[in-house]
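Engineer: Okay, handing you the structure first.
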Amino acid sequence: MRRILNFLLKSSICFVALAAMAAPPAFAQDAVDPIGALLDQAPAMDEDQAEAMGALPPPPPAPLPYAPAPTAAPAYPYAPVTPPASTASYPSRGPVPYTPGPVPYTPRPVAPYNPAPTTYTPQTYSRPAAPKLSAPVHVDEYDKTPEAPLNPVELGYETRLRSSFASAQGMQGPLDGAWTLSTTGGQPLYSLLFVDKGRGQLEGAWRDPRRSGATDASGFMTGVQRIGAQLSASFQTRPGVGATTITLNPAASGTWTGVLDEAGTRTTVTLKRD
Numbered sequence: 188m189r190r191i192l193n194f195l196l197k198s199s200i201c202f203v204a205l206a207a208m209a210a211p212p213a214f215a216q217d218a219v220d221p222i223g224a225l226l227d228q229a230p231a232m233d234e235d236q237a238e239a240m241g242a243l244p245p246p247p248p249a250p251l252p253y254a255p256a257p258t259a260a261p262a263y264p265y266a267p268v269t270p271p272a273s274t275a276s277y278p279s280r281g282p283v284p285y286t287p288g289p290v291p292y293t294p295r296p297v298a299p300y301n302p303a304p305t306t307y308t309p310q311t312y313s314r315p316a317a318p319k320l321s322a323p324v325h326v327d328e329y330d331k332t333p334e335a336p337l338n339p340v341e342l343g344y345e346t347r348l349r350s351s352f353a354s355a356q357g358m359q360g361p362l363d364g365a366w367t368l369s370t371t372g373g374q375p376l377y378s379l380l381f382v383d384k385g386r387g388q389l390e391g392a393w394r395d396p397r398r399s400g401a402t403d404a405s406g407f408m409t410g411v412q413r414i415g416a417q418l419s420a421s422f423q424t425r426p427g428v429g430a431t432t433i434t435l436n437p438a439a440s441g442t443w444t445g446v447l448d449e450a451g452t453r454t455t456v457t458l459k460r461d
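Here's what the structure looks like:
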């Protein structure tokens with residue numbers, strides 16, 4: 188760069204000198220030193236000098252504004268098919284006549300139910316007269332009562348009691364209940380009461396109707412057992428007397444037949460349910 192400036196400076200000096208020599212002096216002019224003016228001009232600095240002296244380099248050119256490229260319309264691989272116009276001719280239809288629908292059902296008005304007030308009249312209860320008894324009623328006579336006949340409420344209560352008793356009785360064993368031990372001729376010897384819960388174990392009590400009122404005419408059986416189909420029981424009828432033993436086997440019509448042994452005296456007996 189410096190060499191180019193020196194070359195240009197020398198060329199200018201030569202050109203001015205030649206021009207001054209060729210032109211005639213027409214009139215006196217002020218002395219002007221063009222060479223000195225050129226020499227007084229400071230040479231331009233190159234890029235290296237400018238960087239060394241801390242001069243800022245020229246700013247880079249401003250970027251051009253971004254303009255997005257116009258988007259082209261998408262090209263479909265096929266063109267939509269336009270259906271051909273129908274050539275069929277349809278007969279023109281006139282206006283459809285209006286047909287009214289069914290009339291909605293309207294129920295008939297019903298008068299509210301207003302029953303006539305009734306007056307409750309309670310039934311009068313009159314206690315029936317007590318029956319006239321010709322003989323006293325004993326405690327053991329369960330089917331008799333010295334009182335008047337039962338009213339409907341009392342009858343219903345007694346019916347429920349009898350039903351409960353029958354239901355409980357149905358869960359007992361076949362020997363449960365009251366029995367009468369008598370001779371083959373029908374003479375009662377002992378009244379027996381068995382408790383059979385259906386689990387094989389039996390309990391029993393006895394009473395001698397031939398000695399009614401005696402304190403030792405009743406008691407409990409000391410041994411009641413059933414071995415297979417045979418029933419045996421023993422009890423003490425009097426103090427100091429041997430035990431009374433009965434041995435029975437089932438017979439027809441729910442009865443039992445066997446032998447009664449009273450201190451060595453054997454009697455053929457029959458056991459029937461009361």
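The opening residue of the sequence shown carries number 188 in the numbering used here; numbering runs sequentially from there.
Built from N, CA and C at the ideal position, the CB exists for glycine as well.
Does the beta-carbon of F381 have 16 or more other beta-carbons within 10 angstroms, so that it is buried, or is it exposed?
Structural biologist: Classification for F381: buried.
Engineer: Helix, strand or coil for N301, going by three-state DSSP, please let me know.
Structural biologist: Coil, per DSSP.
Engineer: Roughly how many angstroms separate the alpha carbons of G429 and A450, rounded to a whole number?
Structural biologist: For G429 and A450, the distance between alpha carbons rounds to 5 Å.
Engineer: Alpha carbons only, please: which of P250, P299, I200 and L447 is nearest the one belonging to P375?
Structural biologist: When only C-alpha atoms are compared, the closest one is L447.
Engineer: Could you work out which residue in P361, T311 and A392 is closest to S421 when comparing CA atoms only?
Structural biologist: With distances taken between Cα atoms, S421 lies closest to A392.
Engineer: So, using beta-carbon positions, are T434 and T457 closer together than 8 Å?
Structural biologist: Contact: no.
Engineer: Grab the span of the alpha helix (DSSP H) containing Q356 for me, first residue to last.
Structural biologist: P339 to G357 is the extent of the alpha helix (DSSP H) around Q356.
Engineer: Should G357 be labelled buried (16 or more other beta-carbon atoms within 10 Å of its own) or exposed?
Structural biologist: Burial call: exposed.
Engineer: Quick check on A365: does DSSP put it in helix, strand or coil?
Structural biologist: In this structure, A365 counts as strand in the three-state DSSP scheme.
Engineer: Judging by CA-CA distance, which residue of R413, T305 and P323 is the nearest neighbour of G387?
Structural biologist: Of R413, T305 and P323, the residue nearest in Cα terms is R413.
Engineer: Is the Cβ-Cβ distance between T187 and S378 less than 8 Å?
Structural biologist: Outside the displayed range of the chain (188 to 461) lies residue 187, so it cannot be described from this structure.
Engineer: Quick one: what does DSSP say A450 is sitting in, helix, strand or coil?
Structural biologist: Of the three classes helix, strand and coil, the one that applies to A450 here is coil, per DSSP.
Engineer: Would you tell me roughly how many angstroms separate the C-alpha atoms of G372 and A316, rounded to the nearest one?
Structural biologist: So the alpha carbons of these two residues sit roughly 43 Å apart.
Engineer: First and last residue of the beta strand (DSSP E) that includes T432?
Structural biologist: It spans T431 to P437 - the beta strand (DSSP E) in which T432 sits, taken as one unbroken run.
Engineer: Taking buried to mean at least 16 other C-beta atoms within 10 Å of its own C-beta, is L389 buried or exposed?
Structural biologist: That one is buried.
Engineer: When you compare only the Cα positions, how much space is there between G460 and G364?
Structural biologist: In the sequence on display, residue 460 carries Arg and not Gly. When rounded, the distance between both Cα atoms is 8 Å.
Engineer: Could you check where the beta strand (DSSP E) with D403 kicks off and where it finishes?
Structural biologist: Looking at the DSSP string, D403 is not in any beta strand (DSSP E), and its letter there is neither H nor E.
Engineer: Would Q423 and G406 qualify as a contact pair, given that the criterion is a beta-carbon distance under 8 Å?
Structural biologist: It is a contact, given that the beta carbons lie within the stated cut-off.
Engineer: Are the beta-carbon atoms belonging to L337 and E345 less than 8 Å from one another?
Structural biologist: Yes. Within cutoff.
Engineer: Could you give the distance in angstroms between the alpha-carbon of A213 and the alpha-carbon of R190?
Structural biologist: Below a pLDDT of 50, predicted positions are generally treated as unreliable, and A213, at 47, falls in that range; no measurement from the model is reported.
Engineer: Straight-line CA distance for Y292 to P284?
Structural biologist: C-alpha separation (whole angstroms): 25 Å.
Engineer: Closer than 7 Å: is that where the CB of E328 sits relative to any heavy atom of the ligand FMN?
Structural biologist: This structure simply doesn't include the ligand FMN, nor any ligand for that matter.
Engineer: For A401 and P437, what's the separation of their Cα atoms in angstroms?
Structural biologist: Cα to Cα, A401 sits roughly 32 Å from P437.
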